[in-house]
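This report concerns only the one structure given below.
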Amino acid sequence: MSALRPAVSLASPVLLWAVFGALFSCFSITVFGAWLFSAEAFVAVPISVTDTMPGHTLLLLRGLEGLSMMVAALGLYAYLIKPWLRTGHVPLAGLLLVGALITYVLDTTVNFSDYHMAWNKHSFNRGTWASFFPGHTGPTQYAEAWLWGPPMYMYFGVVLAAIQLKVFDWVRPRLGLFAGLLLAFVAAFAFDFIAESAIIRYSHAYAWPYTVGAWSVWAGTQFQFPLYESLLVAVYASLYSVLLHSERGQKMAWIERGSEVFSGPWKGVVRLFAATGFAALCTAIYFGGFYLFSQFADSQVTMPAYLQFVDPAWSETPVR
2 MSALRPAVSL
12 ASPVLLWAVF
22 GALFSCFSIT
32 VFGAWLFSAE
42 AFVAVPISVT
52 DTMPGHTLLL
62 LRGLEGLSMM
72 VAALGLYAYL
82 IKPWLRTGHV
92 PLAGLLLVGA
102 LITYVLDTTV
112 NFSDYHMAWN
122 KHSFNRGTWA
132 SFFPGHTGPT
142 QYAEAWLWGP
152 PMYMYFGVVL
162 AAIQLKVFDW
172 VRPRLGLFAG
182 LLLAFVAAFA
192 FDFIAESAII
202 RYSHAYAWPY
212 TVGAWSVWAG
222 TQFQFPLYES
232 LLVAVYASLY
242 SVLLHSERGQ
252 KMAWIERGSE
262 VFSGPWKGVV
272 RLFAATGFAA
282 LCTAIYFGGF
292 YLFSQFADSQ
302 VTMPAYLQFV
312 DPAWSETPVR
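In structure tokens, the structure reads:
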């Protein structure tokens, strides 16, 4: 006589997170689907003779695209494909990588009400889905980069969280819990600041044309960088690291509690949607924070032509 399987609780953490993740996935599919099937919106931003990039920056941009794709592929292999093939089980970190990619639909909210992030027209792109995002009032024609944009959700999320946990594990036995937490956060902040500053300055992949001057470095130049960007990325990575740390010494992280009542493919589906729900929350916190900071933006820089939007409805719109 087989053992009875526990009944599914509608209030179990994994089911609640999975429902949220499934709803968010439907939203993502709806927005992306409308964009993908739009003959007018799903096209690369045109490049004119005025969009020439200086020196070897175009070559460095291509290098960034290639490197980003390589890091994304390695991350998916290390955290998802390899353990899946070896054990038949996908770790939570691998599911979070997939979930983070699903939340990429929120990326256009960085320019939800104004042009706060400038995108390079030379990046591989098909425009943006901004015009299909509910409530979007900012520019709707600029070059969302597909080869380096989505991978950032992976290496500034799960991968950076793994670095944080390494720092925490090294510091805590030596300096205590508080120092471990603090230095892990500082490590994420420093990593993002160095990485993004280098990307902006050397590849011109993107820029921050409209920031809060008092909270930015190199304010008033093409390379001005809002420190709250690194702060929010550190928060973003820390949310992942807290979740992944909760797995230690336990059978599962707290968002997966209740998944043991599922079996076969259904268990994988529920876990994936739960991971997507958590990733959606992390991404929403990042962009929500950025939106709040952006309401105080006062340092506007006119960017080179290759970093400007091409939305005619915004060509004469003053900065608000």
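Note that the numbering used here has the sequence shown beginning at 2, numbered continuously upward.
No residue lacks a Cβ here, since even glycine has one placed at the ideal position from N, Cα and C.
Compare the C-alpha of P313 against each of A163, Q142 and M118 and name the closest.
-> Distances from the alpha-carbon of P313 to those of A163, Q142 and M118 put Q142 closest.
Compare the C-alpha of A206 against each of G289, Y105, V160 and Q309 and name the closest.
-> Here the closest residue by C-alpha is Q309.
Beta-carbon gap between P227 and S239 smaller than 8 Å = In this structure, S239 does not lie closer than 8 Å to P227 by Cβ.
4-residue-minimum alpha helix (DSSP H) runs that sit fully inside the region 151 to 239, ordered along the chain | The qualifying runs are 159 to 176 and 178 to 199.
Could you give the distance in angstroms between the alpha-carbon of P135 and the alpha-carbon of V32?
-> Rounded to whole angstroms, P135 to V32 spans 9 Å at the Cα level.
Could you give the distance in angstroms between the alpha-carbon of P47 and the alpha-carbon of M153?
-> Spanning the two alpha carbons is a distance of roughly 24 Å.
When the Cα of N126 is compared with those of S13, F274, R63 and I82, which residue comes out closest?
-> Minimum Cα distance to N126 is reached at R63.
Assuming V236 and I286 make a contact with CB atoms under 8 Å, what is their CB distance in whole Å?
-> Contact check for V236 and I286: beta-carbon distance about 7 Å, within the 8 Å limit, so the pair qualifies.
Figure out for me which residue from F291, L178 and A144 has the closest Cα to the Cα of A45.
-> A check of alpha carbon separations from A45 across F291, L178 and A144 identifies A144 as the nearest.
Using DSSP bridges, identify the partner residues of A119.
-> DSSP, once it has assigned bridges, lists A208 as partnering A119.
What do you get for Q225, buried or exposed, if any count of 16 or more other CB atoms within 10 angstroms of its CB means buried?
-> A buried status is given to Q225, since no fewer than 16 other beta-carbon atoms sit within 10 Å of its beta-carbon.
Range covered by the alpha helix (DSSP H) that runs through L61 = Where L61 is concerned, the enclosing alpha helix (DSSP H) stretches over T58 to L77.
Selected residue, minimal CA-CA separation from R258, among P266, V271 and G265 | Taking only the C-alpha atoms, the option nearest R258 is V271.
Evaluate K122 with the Cβ neighbour count: other Cβ atoms within 10 Å of its Cβ, from every protein chain shown; 16 or more gives buried, anything less gives exposed.
-> With a 10 Å radius around the Cβ and a threshold of 16 neighbouring Cβ atoms, K122 comes out buried.
Sufficient close CB pairs (3 or more, under 8 Å) joining the region 266 to 283 to the region 14 to 29 = The region 266 to 283, when compared against the region 14 to 29, does touch it at the 8 Å Cβ threshold.
Starting from F288 and walking both ways along the alpha helix (DSSP H), at which residues does that stretch end?
-> F288 -> alpha helix (DSSP H) spans G265 to S295.
Between the C-alpha atoms of A180 and R173, what's the straight-line distance to the nearest angstrom?
-> Looking at the two C-alpha atoms, the distance is approximately 7 Å.
Quick one: what's got a C-beta closer than 6 Å to S124's C-beta in the same chain, skipping five residues either side?
-> Excluding positions up to five away in sequence, the list reads A144 and A146.
Have a look at N230 and S260 and give me their C-alpha separation to the nearest angstrom.
-> According to the sequence as given, residue 230 is Glu; it is not Asn. Cα to Cα, E230 sits roughly 35 Å from S260.
Beta-bridge pairing of A146 - partner residues as DSSP gives them | DSSP output for A146 lists N126 as bridge partner(s).
Spatially closest choice to F169 from W255, H246 and L59, by CA coordinates = Closest by alpha carbon: H246.
According to DSSP, what are the bridge partners of S300?
-> In the DSSP output, where bridge partners are listed per residue, S300 has T212.
May I ask which residues mark the beginning and end of the alpha helix (DSSP H) holding W36?
-> Residue range P14 to L37 is occupied by the alpha helix (DSSP H) that includes W36.
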